[in-house]
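Asks:
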Amino acid sequence: MTTIGIIGAGNIGSQVARAVIGAGYDVVIANSRGPETLAELVAELGPKARAATAAEAGEAGDVVVVTVPLKAYSEIPVEPLAGKIVLDTNNYYWERDGHIEALDRGEATVSGLLQEHLPTSKVVKAFNHIVAAQITTDGSPAGTPDRRALATSSDHPEAVEFVTRLYDELGFDAVDVSPLSESWRVERDRPAYVTRQNRAELEANLARANRLP
Ligand SMILES: NC(=O)c1ccc[n+]([C@@H]2O[C@H](COP(=O)([O-])OP(=O)(O)OC[C@H]3O[C@@H](n4cnc5c(N)ncnc54)[C@H](OP(=O)(O)O)[C@@H]3O)[C@@H](O)[C@H]2O)c1
Numbered sequence: 000m001t002t003i004g005i006i007g008a009g010n011i012g013s014q015v016a017r018a019v020i021g022a023g024y025d026v027v028i029a030n031s032r033g034p035e036t037l038a039e040l041v042a043e044l045g046p047k048a049r050a051a052t053a054a055e056a057g058e059a060g061d062v063v064v065v066t067v068p069l070k071a072y073s074e075i076p077v078e079p080l081a082g083k084i085v086l087d088t089n090n091y092y093w094e095r096d097g098h099i100e101a102l103d104r105g106e107a108t109v110s111g112l113l114q115e116h117l118p119t120s121k122v123v124k125a126f127n128h129i130v131a132a133q134i135t136t137d138g139s140p141a142g143t144p145d146r147r148a149l150a151t152s153s154d155h156p157e158a159v160e161f162v163t164r165l166y167d168e169l170g171f172d173a174v175d176v177s178p179l180s181e182s183w184r185v186e187r188d189r190p191a192y193v194t195r196q197n198r199a200e201l202e203a204n205l206a207r208a209n210r211l212p
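Here the sequence shown is numbered in numbering that gives the first Met the number 0, starting from 0 and rising by one per residue.
1. Please state the DSSP three-state secondary structure of K83.
2. Is A56 closer than 8 Å to I5 when the C-beta atoms are compared?
3. Ligand 1: which residues have Cβ under 7 Å from any of its heavy atoms, chain order?
4. If we require 4 or more residues per run, which alpha helix (DSSP H) segments fall completely within the segment 95-143?
5. Taking only three categories from DSSP, how would you classify L211?
6. Touching or not, the segment 62-81 and the segment 35-45, by the rule of three or more beta carbon pairs under 8 Å?
7. Are the beta-carbon atoms belonging to Y72 and L113 less than 8 Å from one another?
8. Give the range of the beta strand (DSSP E) segment to which L5 is assigned.
9. Enumerate, from N- to C-terminal direction, the unbroken beta strand (DSSP E) stretches of 3 or more residues contained entirely within the segment 44-77.
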């Protein structure tokens, strides 16, 4: 059984944990303040979850989710994530994260920054354009008419394959907007951001996005 390490235990980290545990995965989850501060969440998540430090969650995960405010991305431990698929949920909110000039100028992507920080990992964009609470409420079985679709993007095809399978297990179609240099199409303030879309609508919204919002 795959263990998913989750670095970040806020809105998205806790919801991804609930969703993947529901799909049968084990979870090791971390925040910035230490495992003891996650006792309540881990009690709610049950026996398939435990709390750890960020490095331990990275080490324990066969696959790792990074879901922290973007300003903290350079604090993510590099070595424990080496060689692993790393799901990046992060978005750029300059009001929260401070200005990152390469993003402001449209010369970089949010997930590209994490890939640069984790050069030996296989970074893949996931869950960045869905409101956290909807991860456990908006899924539906494959083939459901108007099924919600979510975008993914990576420079590593096996990482896209993993996210495509995971989305399906959680009730979502996947639309691949690889490579990472194209992933700005699903970043904040683009047409595909956060709104509910089926596959055709998401594909159309990705196609009509502008490089700078
Ligand atoms: N909220 C949404 O609906 C949503 C949807 C899609 C994408 N996103 C994006 O996903 C990311 C996470 O969003 P969120 O709403 O879940 O944020 P959040 O509720 O503020 O939670 C952030 C989590 O990251 C942890 N953290 C911060 N710095 C860390 C570090 N250096 N090492 C380990 N953990 C650290 C925090 O731990 P402490 O509390 O201990 O500091 C907290 O558990 C953001 O980039 C956000 O823009 C959010």
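Every residue gets a Cβ at the ideal spot worked out from N, C-alpha and C, and that includes glycine. Keep in mind that this is a model prediction, so the values were computed, not measured.
Replies: This is what the structure holds:
1. Residue numbering aside, residue 83 sits at position 84 when the sequence shown is read from its first letter. DSSP, reduced to helix, strand and coil, places K83 outside both helices and strands of the structure shown, so it counts as coil.
2. As a position in the sequence shown, residue 5 is number 6, starting the count at 1. As a position in the sequence shown, residue 56 is number 57, starting the count at 1. It is a contact, given that the beta carbons lie within the stated cut-off.
3. Counting only residues whose CB is nearer than 7 Å to a non-hydrogen atom of ligand 1, the list in chain order is I6, G7, A8, G9, N10, I11, G12, A29, N30, S31, R32, T36, A53, T66, V67, P68, L69, A71, E74, I75, T88, N89, N90, Y92, F126, N127, H128, I129, V130 and A131.
4. 100-103 and 109-116
5. Within the sequence shown, the letter at position 212 stands for residue 211. Of the three classes helix, strand and coil, the one that applies to L211 here is coil, per DSSP.
6. no
7. As a position in the sequence shown, residue 72 is number 73, starting the count at 1. As a position in the sequence shown, residue 113 is number 114, starting the count at 1. Yes, the Cβ-Cβ distance between Y72 and L113 is below 8 Å.
8. Reading the sequence shown from its first residue, position 6 is the one you call residue 5. Just to set this straight, residue 5 is Ile in the shown sequence, not Leu. Taken as a continuous stretch (DSSP letters only), the beta strand (DSSP E) holding I5 covers T2 to I6.
9. 48-50 and 62-65
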